[in-house]
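Read top to bottom, the protein sequences are chains A and B. Per my numbering, the first sequence starts with residue 124, numbered consecutively. Per my numbering, the second sequence starts with residue 16, numbered consecutively. Don't be surprised by glycine CBs; every beta carbon is placed ideally from N, CA and C. If you're wondering where the values come from, they're calculated on a predicted model, not measured in any experiment.
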Amino acid sequence: MTRVFVPGDAAALSVGAEEVAEALAREAPARGVSIEIIRNGSRGMFWLEPLVEVETAAGRIAYGPVAPADVPALLDGGLLEGKPGALCHGLTEAIPYLANQERLTFARCGVTDPFSLDDYRAHGGYRGLARALALTPAAIVEEVAASGLRGRGGAGFPTGIKWRTVLEQPAGQKYIVANADEGDSGTFADRMLMEGDPFLLIEGMTIAGIAVGATKGYIYIRSEYPHAFRAFSRAIHIAREAGLLGERVSGSAHAFDIEARLGAGAYICGEETSLLESLEGKRGLVRYRPPLPAIQGLFGQPTVVNNLLSFAAVPTILAEGAAFYANYGMGRSRGTMPLQLAGNMRRGGLVEKAFGITMRDAIEGFGGGTASGRPLRAVQVGGPLGAYLPESLLDTPIDYEALAAVGGMLGHGGIVVFDDTVDMARQARFAMEFCAAESCGKCTPCRIGSTRGVEVIDQVLARADVPANLALLDDLCEVLADASLCALGGLTPNPVRSALRHFPEDFDRAPAVTIAATSG
Amino acid sequence: MATITVDGKTIEAPAGAPLVEVLKQNGVYISNLCYIDGLKPYAGCRSCLVDVQGPPGFQLSCTTQVQDNMVVTTDSDDLKDARKAVVSIILANHSDRCLTCHRREHCHPGDICLRDDVVTHRCLTCSKNYRCELQATCEMVGMSGYEPWVGEERSWYQTPQPPADRANPYMEFDPQMCIICTRCQRACDEKRHTGAITLSGRGWDTRIAFGSGGAIHESNCDFSGACIDVCPTAALMEHPNKWVAKPDTWTTTTCDSCAIGCSIKLGSKDGRGNIVRPNASGNAVSGDQICVRGRYHYDSLKPRERLSKHTVRRGAIQVPVTTDEAIAEAARQLKEAATRGRVGVLVGATATVEEAWLARRIAAEAFKSAADSALGPVMRAVRTALEARLGTWRISGDLTKVAAAKTVVVIADDLEESHNVLSVRVKDAAVRARAKVLVIGSLRSELVDFAAAWVRPHGGEEGLAAAQLADAVRGGTPPPAVAAAVEILKAAQPGETMIVCAPNPVSPAVAGSMAAGAANLAIALFGAQASDHLAVLPAEVNVHGLQDVGVAIEGGPNPLDGLAGLLVVRDAPTMRLPGAAAALDGISTIVAIDSVASGAVKRATAVLAEGRAYASAGTYTQADHRAQKLAPAIQPEGDAQPLFQLLRDLGAALGLSLPADADAALGEVAAHDARYRPAWDLILGEGVRLDVPTAPKATAVPVDAIAAGEGIRIVTGRDLYTALDAASARHPEAERLHRYDHIQVSEQDAARLGISDEDIIEITDGTSTVRAPASVTERVREGTVFVSSLLQGGAVANFLASSVIAVVRVGVPVTA
Ligand SMILES: Cc1cc2nc3c(=O)[nH]c(=O)nc-3n(C[C@H](O)[C@H](O)[C@H](O)COP(=O)(O)O)c2cc1C
Ligand code: SF4
Ligand code: SF4
Ligand code: SF4
Ligand code: SF4
Ligand code: FES
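Structural data, given as structure tokens:
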């Protein structure tokens, strides 16, 4: 029986994967052939979705994007034998977009049946946990520390150090919390993984629990991801049935279980302390620090909060050893980073590469430049709070420090591209508007200052007393940056000031003033 | 202790203290609009920036905890600018008229203000002018007269502001003045455990909301006003005094509305009260909390509704007379009555110890009788129950121990309503000390939400239920329904357990039974130490003080029986005693001293107008024998005189020589009862516990079930909102929220009898009838109705003539 893969991933479903699967299920038997349709995750090549793969002796052959109406012709054209044709891209693994990646975290995503533990194991799953069970908690933590893994959720804080802090807290109830609120514009890696390789995440969280002595984990899933929530909940259930979660994880003496929670639908609930409040059933208000969540987190207990991708990197680190992972990357950025190409990009999708790849390689090499074909003008890396960088900085490598040096940040790895039709003053206004809308409402600069920012930029857009208003805007940015409690208010000046710095012409015809006002 | 350096100066401060507090105490002002002492830091306003050596950037002084060797800078130009910048952002979203008006300190009545308003007695631009913390902050950070964002478009002026909530009689919330500091929300949560306030909306639209976002009175707010006390702006203010001029005098005195005796500061202008604030340092039990009665009942009646003239009855009318004439006439009438028969003296329990002392001396020396009180039968029932078991009615339990107790037992009608601030302390114990709270009561009180177990006996059987628990603790097998309660009791440890009993205020039978059950329980748990773990809260503020000077010790079941004449000293027999109105009509001489037109005043042959407790100097002895001082905070209206003076002059007219002032009177009390010596030395504003030793005996005596007939039982008790004096005058607004001028009916009975909310229903026992709108609620248990003890001037007392549990028929009247 021929195995055919049709993604069950939300992105593929949104472009008709369900109908394609139905068409295949209908049309193949009508032609007297029986096929097995496997709903895999997405390979992360969105311009090819729905991407249908057929297993052949030579390997998996890719077809896409496949519309339901294409199915009869494809079948008649020898799809099931992997014959080349209109929509055929040959061997999936050989598609340059995939072939040129270094997939560690996403190695299985799109390859396996997300809900098959056998498939997961057959592709190397649960080797990390097996190794972890043979180590002491401290040794697990040191392994993660030695890998150089840094948080993939925003700030790039070394994961090992965070775990060590929690491990060092006195025994008692501790928690693992996976942050899957994925609020950054143009990001989808968390979702892809929850839908495409959920056991990897379960394995990573379990290892974390064993490492720090936590018996309970929560995953906080963005409310706009009901499909991922269902998929992940199903995977938890399967793992529990298989004894991989519960009182005795894999038959060991360790207890660990995971509960999935749907988020509150606010960007700020991705901020870890606000997320904890929300998990506790309260309004998502940011907490002040200290105490750190690692010391007083969920319900006041020591808590590891990591982005889902941080947890997902851990099984590889344990299975292959810290050195293997640390071998990838550059400088203090070790391992691979799942980049997410979005916006005005010809080939949007997921690109996992070792740190050190330049933005240009990612955007032009993988992404193929702008979708509109017009010249690229600006790039925003790291979500809505990331700086806008001009074309001239595209050769900056993807690396925490290198990006910081040019005023940028990596964040969750989202890369959003704008062509030359973009109005950067409007983008700056949008940043302020975003802050005003998404602020948790706690602090003055963020809650009120952002609206002041919108008002002031509106004055600039109306060309009213531009130099004075730009000076005022800069004052506001300074208060936001210096006096906000969390990074939402604190980083909102990033997109605003970078737009002013790199694209002064969009704000005024007198750039001298703007440059003076924004240096610093 | 830690040593820190602030702007080059060395300061000693407790390690771990919030830096902002330490700075303020050392005279360094740092704006702190969201921080307030006593509440957890919030870190929201961002105006308290300082520089602490070490970490990068500026730090918040509210969340920074003092550590040894900390080096702090507060006065660099950068910091000053940063704080100003933050405050200016707050102002960008606030009315700034109060700041930009350069004349705001100079306006006088009749001036034309900058905004073309005619200035009356206050600034018209903001009700909080002069006492606004935001305004003060602006001045302190050097932004006085600052005009933020001049000449610009501002969302604040462009977006219509949400309307103010003025729908209740107590508290106004004006969102446009709110700076979202959340002090109110935290106060309601952390200090009151009520949680009536939340943040709603997101981002720019974040707002303070009550309950689920509706009107304040639709939330579970109980109008304590703890939120008002902490609000830095004019967003939350008392309704009655919001636009009233600021007080010219602040007097520290004691709330007269229950036996917790919360210490208050009463602000007055021209001798009339116009605002109340808690006095945090005055009473160790109440601390910085008061309840709606303490905060608003200074205003329970308008000044013109109080008695301002003494009168003498001539035929059918009361004729105003001078003070001297009134005293002479009152003395003459009483002396004449004494020739005909017995003259009784009734003293209300809001009279001070000193006033009660004079009344007692008048009774004894002029009329050879014992002073009693309308509350006398209830007081005696409680006393008898306690003396039988503990050998004394003076119970030694200390109420300051409640908040930190690990186990609290509450035996009451509804402690939340009768003794509100103590109920807050029980919640403190439940929330902060994680105490196990056991509630024994037929009503579903708010405390039930904090209780680990709730025993819900049938109305009138609370004492019996407590006694049964005592038996179960002693070894009997508890019925399964109360097993959880027995577990809690068995785990209760000496020294960290308090049993709080608030006996019913009108039914001697029920009150005595409650006290008896509570005593039995304390004895079962703690034997000889029982009384140290028990507090019995009387129905009125100075019941213990009255008893201490010998009032209401002796007396029969009805103090109005067999009298030829009666002197009523701010007492309300019609509110407490069954059939009192008719009994009073049968007494030919009644001299009433009161500040309101009570039932006794209306029937009096001579009326002496007095000035209510807030006009008195003196002492209250509250629930746990804590002596609290009163100082005259208001002037009596018109010709009215302070109660003490009237009693003294009446005594003189009766030929007695009584002490000249309250101080001298307390000296006499202290001479007669040495326990009052410390109270005599007391400095105003502080409370002192009188010496109450552990009770001499601890013998459980069985508690009998009180007989009850067939029908629906009446559960009664004090409600939180009704003002005692206004109720005794049967004022229609005695309960301004109109929650308790209703008869509360259980959902089950309402369904059975076809009663809906607001239907006019009546309850009757064949002799007495009360008619009122119904309110259907889960608060009352099936088979009972709740009637506030103060509804319709205490009408419920008429059902309590015999020592059985009152039972009535409930029905919807055919015609109104
Ligand atoms: C406004 C704001 C939004 C954030 N949203 C997310 C998010 O959606 N997902 C995430 O993993 N981290 C988010 N973060 C970062 C988290 O606060 C936190 O740093 C992270 O979850 C820690 O995990 P990591 O160390 O694995 O990165 C956000 C931070 C801020 C300030
Ligand atoms: S910066 Fe904004 S989002 Fe962050 S705590 Fe302050 S108000 Fe909330
Ligand atoms: S009045 Fe009291 S109960 Fe009501 S909101 Fe304010 S603090 Fe809370
Ligand atoms: S109502 Fe007052 S206390 Fe409450 S948040 Fe607004 S300003 Fe602060
Ligand atoms: S608790 Fe009692 S004493 Fe305190 S304010 Fe309320 S009524 Fe007055
Ligand atoms: S007082 Fe520190 S942030 Fe408001």
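Hey, out of the options, whose CA is closest to residue i's CA?
i	options	result
A/A230	A/Y523, A/I538, A/A269, A/R166	A/R166
A/L202	A/I158, A/G247, A/D605	A/I158
A/E514	A/H212, A/S573, A/T481, A/G444	A/T481
B/A648	B/D271, B/A789, B/Q200, B/F188	B/D271
B/K261	B/C242, B/N535, B/N289	B/N289
A/H360	A/Y348, A/S375, A/I381	A/I381
B/A607	B/L599, B/A621, B/A597	B/A621
A/L368	A/G393, A/F322, A/V335	A/F322
Looking at the C-beta of residue i, does it have a partner C-beta in chain A at a distance below 9 angstroms?
i	result
B/F814	no
B/F73	yes
B/P647	no
B/I194	yes
Just checking: is the beta-carbon of residue i within a distance shorter than 9 angstroms of some beta-carbon in chain B?
i	result
A/L473	no
A/A389	yes
A/G572	yes
A/S607	yes
A/D598	yes
A/Y411	yes
A/V602	yes
Can you list the residues of chain A that residue i reaches, using a CB-CB cut of under 8 angstroms?
i	result
B/L214	R406, L408, G564
B/C60	C566, T567
B/V101	T567, P568, V602, A606
B/A97	V602, D605, A606
In angstroms with no decimal places, state the Cα-to-Cα distance between residue i and residue j.
i	j	result
A/L398	A/A134	25 angstroms
A/L272	A/I440	9 angstroms
B/G475	B/V336	47 angstroms
B/D285	B/A524	46 angstroms
A/E475	A/P413	34 angstroms
B/D131	B/D111	Low confidence applies to B/D131: its pLDDT is 49, below 50, so where it sits in the model is not reliable enough to give any reading.
A/I486	A/A501	11 angstroms
A/P207	A/L517	37 angstroms
B/E797	B/F541	34 angstroms
B/T18	B/C63	21 angstroms
B/P509	B/H548	8 angstroms
Below 9 angstroms on C-beta distance, what does residue i contact in chain A?
i	result
B/I775	Those within 9 angstroms of B/I775 in chain A number zero; the least Cβ separation is about 43 angstroms.
B/R207	Ordered by position in chain A, no residue passes the 9 angstroms Cβ test against B/R207, which lies about 18 angstroms from the chain.
Give me the DSSP bridge partner(s) of residue i.
i	result
A/N302	A/Y343, A/N430
B/A325	The question names Ala, but residue 325 of chain B is His in the sequence shown. Per DSSP, B/V336.
B/Q656	B/E625
A/I158	A/T125
A/G472	A/M168, A/L464
B/Y313	Paired residues: none, contrary to the question.
A/D380	A/K339
B/M513	B/V423
For residue i, go through chain B and note every residue whose CB falls closer than 8 angstroms to its CB, in chain order.
i	result
A/E561	R217, G218
Listing by chain order, which chain A residues have their CB less than 7 angstroms from the CB of residue i?
i	result
B/L64	A606
Cβ closer than 7 angstroms: which chain B residues qualify as neighbours of residue i?
i	result
A/R575	I104, A107
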